[in-house]
Amino acid sequence: MKNGNKNTSVKNVKNQGNGRIHRFFFNNAGIKICSVVIAVIVWAVIINIDDPYKIRSFNVEVETINESALKSVNKVYEVIEGSNAMVKVKAKKSVVDKLSASDIRAVADLSNLSAVNAVAIQPSLRKIVSSEVIMECGQVLKVSLENRESKQVKVNVVASGTPGEGYTLGECSAKPNMIEVAGGESTVGQIASVKVFLNVNGATEDFSKRLVPVAYDEDNNKVESSTLSFSNDLVRVYARIPEEKTIPVKVKITGKPADGYAYISTDCLPEQVRIAGSSRRLSHISNLIIPVDISGMTTSSQNLEQDIYIADYLPEGIIPVEESETVSIRITLEQVIRKNIEINTSNIGFSSLGNRLGAEIPDDKNKVSITISGRISILNRITDDNVNAVINCNGLDEGVYTLPVAIKDLDSTCNVLETDKLRVRIYNVNQEQDTSPPDSNSE
1 MKNGNKNTSV KNVKNQGNGR IHRFFFNNAG IKICSVVIAV IVWAVIINID
51 DPYKIRSFNV EVETINESAL KSVNKVYEVI EGSNAMVKVK AKKSVVDKLS
101 ASDIRAVADL SNLSAVNAVA IQPSLRKIVS SEVIMECGQV LKVSLENRES
151 KQVKVNVVAS GTPGEGYTLG ECSAKPNMIE VAGGESTVGQ IASVKVFLNV
201 NGATEDFSKR LVPVAYDEDN NKVESSTLSF SNDLVRVYAR IPEEKTIPVK
251 VKITGKPADG YAYISTDCLP EQVRIAGSSR RLSHISNLII PVDISGMTTS
301 SQNLEQDIYI ADYLPEGIIP VEESETVSIR ITLEQVIRKN IEINTSNIGF
351 SSLGNRLGAE IPDDKNKVSI TISGRISILN RITDDNVNAV INCNGLDEGV
401 YTLPVAIKDL DSTCNVLETD KLRVRIYNVN QEQDTSPPDS NSE
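Under the numbering used here, the sequence shown has 162 at position 162, and the numbering climbs by one with no breaks.
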């Protein structure tokens, strides 16, 4: 019994202990949770009021000052290390948390360059803060030095795009048209040209624009360097956008070729050209006439083929469109020769004989000679066998006549210089038939 009472009392003690713990945590639980929250808030308030120091790093772009110190000794520099620096800022948390990289300045004073062309980077704040700030930067700016050189270079305008319909790109001019480039001697020595790029797409009137100059080398590669500078950061470009018109080209031949040669034809390509100008000026021009003097020319003359700049033949205020600046002209001449032709009299015909008249050559002469002059290409086609020789009997009655031999259908560019004459007997066909001897077989 005694042991049973002891066990019961132990259990009661344990139950009482657990109850106390349970009551400690769970009695008035809401009040206890609120107490914890309030304690945290109070701690945060105390921390913020106390405002401890904090260190923060910023990546800042480095500025250079006193560059004139290098210019005074005719030097230029290029940054090879330290263009950006890490700056550590130590200050109260309330100050540091409000800072950004733009509030910090990192400066390299080029007047303090060391013998190895390096200078310490000095950080500072751009704005005033309410408490002390400690700034640190252990980096240096390193530069390479080079002799400064400059030269004058022509500004070239490079236009791109297509003007509006019915318009074309006229003259483009830059102001200034010469620009000074300066920088390290190795950089300036590469520069062969300076260009500005103008977009004329859709333009229908004259305009101007300020453009950035760009340097190029002999291979048309862009030249870039931090040492490079231009006397003008921007170049003003003026562009003319005139109306355009297409007109035919006509070649007017003047003079005569050398003796023994004949003018044949002229070929001109292109047959049409595009011109530009104001609408008023364009309305007064319908074609382009190019005079070409062929006086004294032969088939071996060098100027039988010519490239002609049409601008020389356009009225004031009218300009050729770029692809129509020239036309190519080819003049064709041909040598004029003499040719002697021997014709069988049996092949000679008679033309324009009167009604009921016939003709014959009573002599025993077998051949006649005719001398013709004309272009070599034509005379080479005329032979003894294909020539159409005739004797003109127009208006002649019966009788015997001495008449010249002519060539029928001879090219108009050819002339008969000399021809033999033949005795021709013209007779009445009916009478000849009546007096003809009877057929030996007739009865």
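From the three backbone atoms N, C-alpha and C, an ideal C-beta is built for every residue, glycine too.
Residue i versus residue j - alpha carbon distance
i	j	result
residue 293	residue 373	25 Å
residue 232	residue 279	36 Å
residue 355	residue 260	44 Å
residue 350	residue 327	52 Å
residue 220	residue 177	19 Å
residue 76	residue 103	29 Å
residue 119	residue 66	12 Å
residue 127	residue 184	36 Å
residue 208	residue 224	26 Å
residue 412	residue 204	55 Å
residue 180	residue 191	11 Å
residue 420	residue 370	6 Å
residue 400	residue 417	25 Å
residue 426	residue 336	37 Å
residue 99	residue 187	40 Å
Simplified DSSP state of residue i, which is helix, strand or coil
i	result
residue 431	helix
residue 10	Only weak support exists for where residue 10 lies, its pLDDT of 49 falling under 50; the value from the coordinates is given anyway. Looking at residue 10 - three-state DSSP - the assignment turns out to be helix.
residue 303	helix
residue 36	helix
residue 234	coil
residue 281	helix
residue 85	strand
residue 360	strand
residue 101	helix
residue 396	coil
residue 110	helix
residue 128	coil
residue 267	strand
residue 115	coil
residue 203	coil
residue 258	coil
residue 310	helix
residue 165	coil
residue 318	coil
Close Cβ partners of residue i (< 7 Å) along its chain, the five nearest in sequence each way excluded
i	result
residue 251	266, 268, 290, 292 and 329
residue 101	58, 59 and 60
residue 428	356, 357 and 398
residue 37	none
residue 166	243 and 244
residue 253	263, 266, 292 and 294
residue 171	240
Neighbourhood of residue i by C-beta distance below 8 Å, restricted to the same chain and skipping five residues each side
i	result
residue 264	332, 333, 334 and 375
residue 388	349, 407, 408 and 409
residue 52	92 and 93
residue 55	88, 89, 90 and 96
residue 144	77, 78, 80 and 117
residue 414	372, 373, 374, 375, 378 and 379
residue 202	161, 162, 163 and 164
residue 270	249, 324 and 327
Start and end residues, alpha helix (DSSP H) containing residue i
i	result
residue 187	185-188
residue 150	It is not in any alpha helix (DSSP H) - residue 150 instead sits in the beta strand (DSSP E) that spans 140-160.
residue 94	93-96
residue 71	68-71
residue 379	376-379
Supposed contact pair residue j and residue i - C-beta distance, whole angstroms, cut 8 Å
i	j	result
residue 341	residue 285	Not confirmed; about 52 Å, so no contact.
residue 161	residue 200	5 Å
residue 393	residue 353	5 Å
residue 281	residue 318	6 Å
residue 182	residue 226	Not confirmed; about 12 Å, so no contact.
residue 115	residue 64	So it is not a contact: roughly 18 Å between Cβ atoms.
Contact set for residue i: own chain, Cβ-Cβ below 6 Å, skip 5 residues either direction
i	result
residue 81	142
residue 124	105
residue 287	247, 248 and 250
residue 210	234 and 236
residue 139	82, 85 and 121
residue 197	158
residue 168	244, 276 and 321
residue 274	244, 246, 321 and 324
residue 296	258
residue 306	329
Segment limits, beta strand (DSSP E) that includes residue i
i	result
residue 328	326-344
residue 118	118-125
residue 199	193-199
residue 65	53-65
residue 297	Looking at the DSSP string, residue 297 is not in any beta strand (DSSP E), and its letter there is neither H nor E.
residue 348	Note, residue 348: premise wrong, no beta strand (DSSP E); not H, not E.
residue 210	207-211
residue 286	Where residue 286 is concerned, there is no enclosing beta strand (DSSP E), given that its DSSP letter is neither H nor E.
residue 172	172-175
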